[in-house]
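Chemist: Before we start, here is the structure in question, set down as structure tokens.
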Amino acid sequence: MTCFTMDRRTDYGVGVTSKSMPKPPRDSASAPEPSSSAPSAAGAPAAPAAAVEPVDLSGLVYGRIPIENVSPSVLCGRRPATALPGEDIRIAATVYREGHDALGVTAVLRDPQGREHQRTAMSLSAPGTDRYEGWVRPDAEGEWSFTVEGWGDLYETWRHAAEVKLGVGQDVELMMDEGVVVFERAASEAERPESQRRLLGEIAEQLKDRSIPASQRFARAADRSVLEIVAASPIRSLVTSSEPLPLRVERDAAGRGAWYEFFPRSEGAVRDETTGGFRSGTFRTAAERLPAVADMGFDVLYMPPIHPIGHAHRKGPNNTLHAGPNDPGSPWAIGSEDGGHDAIHPDLGTFEDFDDFVARARELGLEVALDLALQASPDHPWVQQHPEWFTTRADGTIAYAENPPKKYQDIYPINFDNDPEGLCREVLRIVQLWISHGVRIFRVDNPHTKPLWFWEWLLDRVRKIDDGVVFLAEAFTRPAMMQGLAKAGFQQSYSYFTWRNAKWELEEYLEEVTRETAAQYRPNFFVNTPDILTSYFVEGGRPAFKIRAAIAATASPLWGMYAGYELYENVQRPGAEESIDSEKFEYRPRDFKDAEVRGDSLAPYVRRLNQLRHEHPALGDLQNLTLHPTDDDAILCFSKTKTVQGPDGDHEDTLIVVANTDPHSVRTANIELDLEALRLAPQDRAEDGTFAADELLTGESWSWGDRVWVRLDPFYEPVHIVSVRRRR
């Protein structure tokens, strides 16, 4: 959707209000009123005078200073852009004006009470573009807003003109007189501190003193002290503001966090000697795995559906059509005689056991995320009680899920067109039930197969009940739908990162998610799922697991992994992009402890990555990523920088990530670092221009400059994560 940003006119410079131009008062010394009897120049009677009408400017699109295409803007402001507390948000707008006078642009952030919270100068993103960018930082949750102001820069207009004309000796004293007007205006501004007003007034008087050479008067009016004052508090005219745009600031878990997924039925599953099959794990046995998950530094523990599983058309191992008597079936085939979405599978335990599990996770600093899968097995109570909630085919049967040639006979999709109100009430009831049991994060299965209006309604309704509830969209689908789900209210989403493996693919995708779609779409960089095991891991072996984890954990504030990743599980089921013996259809108990003891686990590496995420605030923002060019087609380089406010003053947290995306070969590259993006001031560097670079994975330290050579061995350390050490 293309939308045009309206301006709110506040100063046309000609006495025109934002509503209309008032009729000008008549001056007695001006020309006389036209008269029908007054002769014309040719002696003939004059034509009757036309009625004088007021000039109404209230319906114009353009203000005195044109402001267009303000971002972030979601659906022209009908939906809010999103942010997190303490996150730096890029504000951009196209702003320009007639003529050659200097222009200033400002972003203004207002808190949920409408009070001005931050005012920041915006600068050109590239010369000649008229596109300005600036950064704002909300500090608390709530419904914020922002505007962009364009204005004439009186001081800079005068200073530039005076500098040019003094250089050629033209209109010298006239320029001094015009400077007096500018400084006297600034000195009269009541909102300025008294010390500023006094200083600016003194300069106005000095500009009038023709006994002082004009060059000296100009030098005083353009010295550092004045430049600092007008930079902080510009001398503005013709101020024009855009319409306010909404910015919803949500809790950290909406956009920051490391996710770990496991199936509770596999945690503690043991083989039954009588049947030869497995006996399911429970919430109590699964709770024994929680300390290890917390020790790896994860923030969210996500579990697939925990509800009763249907018997009809139950799938067997590796998605076979016939299940044996001991096969547990897919957790996504929800519903049996034991209940539906509001029930717990009897093998896992009771609601009391679940509450204890949630409480134990919370004690360890983990938040439990639950699956919300709006579908049903043929045995779900809904099928008998509400057949209108499904699609009936021409032969009278209920349609099961299909993605030809794939068939999912054990799952009935929901149809929202027959009884939308009934379904809305039921789904809201289910969500409220689980919220009452301590669940405030939901991973939503296949949300792209449900209408967007439903998600917009549900998520807004849940927000009114508890504005801290977070929804993750499991949507690997077309970009428009993925973006639509985000606009409808999903705080985060699975992403295409899973399939972006080559350097060029990653660069394109990182540019997209950190700049083009960041206003609403927050990508969760899951490295694998129970459904997805890409060939990159199969062919790349263990180095591939390190590479992908490091990039995911540093490039996005959200990343996740599914159990077994730390054990380098990489055998695909023939003909499918998923693991063989998929845990979706069978129990998969794993000996994580033994693997770590043997040094055969990625867990220590994952633990270090998550530790760095907690130690470095720069990794908690999405939009602060800068790509740096390298001369090797497999070496990816990006940095993240954030100004951190502390009791001893502000400091910059800057990390540089260099990754060899080729898991098979040693690669070398020259990197051209953008020192401005790293916010490296001259005092941060040695006399030769280098700075201290501390490698956070190995503990090494180097001297780096604007051009760096690296060698990355996938079988040793395929990724550098470097902290820039400041000299200040």
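The number in the numbering used here is simply the position in the sequence shown, starting from 1, with 13 added. Ideal Cβ placement from N, Cα and C applies to all residues, glycine included.
One question on the structure: do Leu709 and Glu730 come within less than 9 Å of each other, judged by their Cβ atoms?
Modeler: no
Chemist: Can you list the beta strand (DSSP E) stretches of 3 or more residues lying completely in the segment 514-571, in chain order?
Modeler: 536-539
Chemist: For Thr511, which residues of its own chain have a beta-carbon under 6 Å away from its beta-carbon, when the five flanking residues on both sides are left out?
Modeler: Ile545
Chemist: From this set, Cys89, Glu66, Ala96, which residue's C-alpha is nearest Tyr534's C-alpha?
Modeler: Selected option, being the one with the closest Cα: Ala96.
Chemist: Return helix, strand or coil for Leu303, following the three-state DSSP convention.
Modeler: In this structure, Leu303 counts as helix in the three-state DSSP scheme.
Chemist: Are there 16 or more other CB atoms within 10 angstroms of the CB of Ser254, so buried, or fewer, so exposed?
Modeler: Buried.
Chemist: With distances taken from CA atoms, which of Leu638, Asp594, Asp479 is nearest Ala531?
Modeler: Leu638
Chemist: Between the beta-carbon of Gly192 and the beta-carbon of Arg132, is there less than 9 Å?
Modeler: For the pair Gly192 and Arg132, the CB atoms are not nearer than the 9 Å cut-off.
Chemist: Whole angstroms is fine: what's the gap from Lys32's alpha carbon to Leu251's?
Modeler: Residue confidence is low: Lys32 scores 34 on pLDDT, short of 50, so the model does not pin down where it sits. No coordinate-derived value is stated.
Chemist: Tell me the rounded alpha-carbon separation between Ile448 and Tyr315.
Modeler: 15 Å
Chemist: Using a Cβ-Cβ cutoff of less than 6 Å, which residues in the same chain neighbour Ala235 once the five nearest sequence positions on both sides are dropped?
Modeler: Arg172
Chemist: Note the first and the last residue of the continuous beta strand (DSSP E) segment covering Leu379.
Modeler: Premise fails: Leu379 is in no beta strand (DSSP E) and is neither H nor E.
Chemist: Excluding the five sequence neighbours on either side, which residues of its own chain have a C-beta within less than 7 Å of the C-beta of Pro37, listed in chain order?
Modeler: Low confidence applies to Pro37: its pLDDT is 37, below 50, so where it sits in the model is not reliable enough to give any reading.
Chemist: If the criterion is Cβ atoms closer than 9 Å, does the pair Gly353 and His326 meet it?
Modeler: no
Chemist: Just curious, the alpha helix (DSSP H) that Ile216 is in, first and last residue?
Modeler: Note, Ile216: alpha helix (DSSP H), 207-221.
Chemist: Residues in its own chain within less than 7 Å of His629 by CB, not counting five upstream and five downstream?
Modeler: Asp666, Leu668
Chemist: I'd like the list of long-range same chain contacts for Tyr25, defined as Cβ closer than 6 Å, with 5 residues on each side in sequence excluded.
Modeler: Note that Tyr25 scores a pLDDT of 48, beneath 50, so its modelled location is shaky and nothing firm can be said.
Chemist: Could you check whether the segment 572-581 touches the segment 539-557, counting it as contact only if at least three pairs of C-beta atoms, one from each stretch, sit closer than 8 Å?
Modeler: The count of Cβ pairs closer than 8 Å, one atom from the segment 572-581 and one from the segment 539-557, reaches three, so the stretches are in contact.
Chemist: Pull up the DSSP beta-bridge partners for Tyr413, would you.
Modeler: Note: Tyr413 sits in no beta bridge, so no partner.
Chemist: Grab the span of the alpha helix (DSSP H) containing Phe742 for me, first residue to last.
Modeler: Residue 742 lies beyond the residue range present for the chain, which begins at 14 and ends at 741; the question has no answer from this structure.
Chemist: Would you report the Cα separation of Cys437 and Asn459, rounded to the nearest angstrom?
Modeler: 17 Å
Chemist: Grouping DSSP H, G and I as helix and E and B as strand, with all else coil, what is Cys89?
Modeler: It is helical.
Chemist: Note down, in chain order, each residue of its chain lying with its Cβ closer than 6 Å to the Cβ of Ser138, except the 5 sequence neighbours on either side.
Modeler: Arg144, Glu146
Chemist: With C-beta atoms as the reference, is Phe370 less than 9 Å away from Ala299?
Modeler: yes
Chemist: Hey, would you say Pro98 sits closer than 9 Å to Arg264, going by beta carbons?
Modeler: In this structure, Pro98 places its C-beta atom within 9 Å of the C-beta atom of Arg264.
Chemist: Comparing C-alpha positions only, which one of Asn623, Gly712, Glu197, Asp701 sits nearest to Tyr720?
Modeler: The question names Tyr, but residue 720 is Arg in the sequence shown. Of the listed residues, the one whose Cα sits closest to Arg720 is Asp701.
Chemist: Checking 9 Å against the spacing of the C-beta atoms, do Leu471 and Val452 come in under that value?
Modeler: No, the pair does not count as a contact, with Cβ atoms beyond the cut-off.
Chemist: Compare the Cα-Cα distances from Leu632 to each of Asp645, Pro617, Phe651, Leu615 and report the closest residue.
Modeler: Phe651
Chemist: Along the beta strand (DSSP E) that carries Thr666, what are the first and last residues, could you check?
Modeler: Correcting the residue identity first, residue 666 is Asp in this sequence and not Thr. Per DSSP, Asp666 belongs to the beta strand (DSSP E) from 662-673.
Chemist: Rounded to whole angstroms, what's the CA-CA distance from Arg39 to Asp473? Just pull it up for me.
Modeler: Because the pLDDT at Arg39 is just 38, under 50, the model does not fix this residue reliably, and the value given afterwards should be weighed accordingly. The alpha-carbon atoms of Arg39 and Asp473 are separated by roughly 56 Å.
Chemist: Go through its chain and collect everything with a Cβ distance to Ala682's Cβ below 7 Å, but skip five positions before and after it.
Modeler: Thr643, Asp644, Asp645, Ile648, Val723
Chemist: Can you tell which of Thr405, Glu365, Ala414, Glu520 has the C-alpha that lies nearest to the C-alpha of Leu387?
Modeler: Ala414
Chemist: With DSSP run on the structure shown, which of helix, strand or coil describes Val657?
Modeler: strand
Chemist: Is the separation between the beta-carbon of Arg740 and that of Ala705 shorter than 9 Å?
Modeler: yes
Chemist: Less than 9 Å between the C-beta atoms of Lys500 and Ala305, yes or no?
Modeler: In this structure, the beta-carbon distance from Lys500 to Ala305 does not fall below 9 Å.
Chemist: Are the segment 596-604 and the segment 562-571 in contact at 8 Å, needing three or more beta carbon pairs?
Modeler: The answer is no - the segment 562-571 does not touch the segment 596-604, with fewer than three Cβ pairs under 8 Å.
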